[in-house]
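Numbering (the numbering used here), first residue to last: 19 to 484.
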């Protein structure tokens, strides 16, 4: 069981924990991240599954985003009420903050990301700070403006960004039966704090279905969820199982995933964790994947704090920073940012930092692969759950999930051209000069080792090279 070092709080520092309650919550946050792994297949030790195309996956995780609503302006007073006005973290000048993050900014950000090849996750809070529901009405905006904003996200963001609900409101807990917040105003009925504690996976899954359903109503597809603040932090097994249930139920996703954890320093692995795998040999294989971030939010935070800046991610000389540390380890490197800080009340401080970081990463590295969280979750599920057995010049696969760009290496001195056999049909593979040239259905050879990249089909297939 892997435990989190005490100095690493869950993201957003539980939104400003202070005093004796903070100490208790901080200690509680050291609970183990790893859940039940579930089934694992037999694997041939001579075959190594590599990162896709032998590259290092990277991405940006954007939290607290939604359509039109500048979430922090409306969340701040609700957080203040939940603490009875006693928490100084929620005394910032929220009345001076803008009510809206305009669609024009989404278009500029999304266009930049597409030009740079940047991918990641973009939250859409379905009932943002209880202002309204994006499938019905956002008071303060016309129906036409809301429809245009949804269309903007679908056109500009969804080609390269996963869409997640960040629960229902990101503030007060909503009664799914009425669509209204529960009347109690306390941390016990705030999504960010205590509501999940002691609740079953079924209860949490029902709540997730409510949030997912709103996004489905307006045409979004979700393969995963993001937790707001400390949601699920004291109910980690229930959170994982609830994600598995709800995302499969609402969207039929084969490899649901969730973003709950991050490590912004240290040597703890930030590779995705495939949990509750079951039924791998049957017709209904299932698992859930925990996606782990590797940075803090150094772009301006959810509450428009002074940004820590680009150097925390990667320094100007390209030699240091958290992204460099993780990329050099060969693990997926996922940066965290909050949409409210990326926009920073129109000053775009976070956006400027992300642009600089991406430029620096591209200057230093040629082997990065920008991926959505859902793409990463599918790859890791296939990587860990595919049965792989070698016999002579043949490798047999039994995969519970199909996976593009499945990449593996194995010793095969003097081997012939490798071919993938699926249902008696041969998929020809093209030889390339080296690992960085690998694309789907290609292979390369070096020092008696073959490296193959191909579309792994669901079910049985074989790789032969005689």
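Beta carbons are placed, not taken as given, at the ideal position from N, Cα and C, and that holds for glycine.
These figures come from a predicted structure and were not determined experimentally.
- One thing to note: residue 398 has its Cβ within 8 Å of the Cβ of residue 307.
- Pairing residue 321 with residue 90 gives a Cβ-Cβ distance under 8 Å.
- Residue 422 has its alpha-carbon roughly 35 Å from the corresponding atom of residue 319.
- One alpha carbon belongs to residue 136, the other to residue 78, and they sit about 8 Å apart.
- Going by DSSP, residue 269 is part of the alpha helix (DSSP H) stretching over 254 to 269.
- For residue 279, the enclosing beta strand (DSSP E) stretches over residues 275 to 280.
- Residue 474 and residue 420 have their C-alpha atoms some 5 Å from each other.
- A direct Cα-Cα distance of roughly 13 Å separates residue 345 from residue 376.
- Here the region 424 to 433 does not lie against the region 165 to 184, with fewer than 3 beta-carbon pairs under 8 Å apart.
- For residue 345, the uninterrupted alpha helix (DSSP H) segment begins and ends at 340 to 347.
- A check of alpha carbon separations from residue 388 across 358, 410 and 133 identifies 133 as the nearest.
- Non-local C-beta neighbours of residue 253 in its own chain, meaning closer than 8 Å and more than five positions away in sequence, comprise 214, 215, 216, 217 and 222, ordered along the chain.
- In this structure, the straight-line span from the alpha carbon of residue 183 to that of residue 138 is close to 14 Å.
- Linking residue 290 to residue 351 through their CA atoms gives a straight-line distance of about 10 Å.
- Inter-residue distance for residue 127 and residue 76 is about 18 Å (C-alpha atoms, whole angstroms).
- With distances taken between CA atoms, residue 143 lies nearest to 226 out of 71, 414 and 226.
- In the structure shown, residue 409 adopts extended strand secondary structure according to DSSP, grouped into three states.
- One thing to note: residue 242 has its Cβ within 8 Å of the Cβ of residue 391.
- For the set 286, 402, 348 and 454, the Cα lying nearest the Cα of residue 63 is the one of 402.
- Around the beta carbon of residue 396, a 10 Å sphere encloses 16 or more other beta carbons of the protein chains shown; the residue is thus reported as buried.
- Under DSSP, residue 461 takes part in a beta bridge, and its partners are 449 and 470.
- Runs of the beta strand (DSSP E) lying entirely within the region 59 to 116, each at least 3 residues long, are 74 to 81 in chain order.
- Residue 324 is classed as exposed because its beta carbon has fewer than 16 other beta carbons within 10 Å across all chains shown.
- Counting only runs of 4+ residues, the alpha helix (DSSP H) found wholly inside the region 302 to 375 occupies 340 to 347 and 357 to 361, in chain order.
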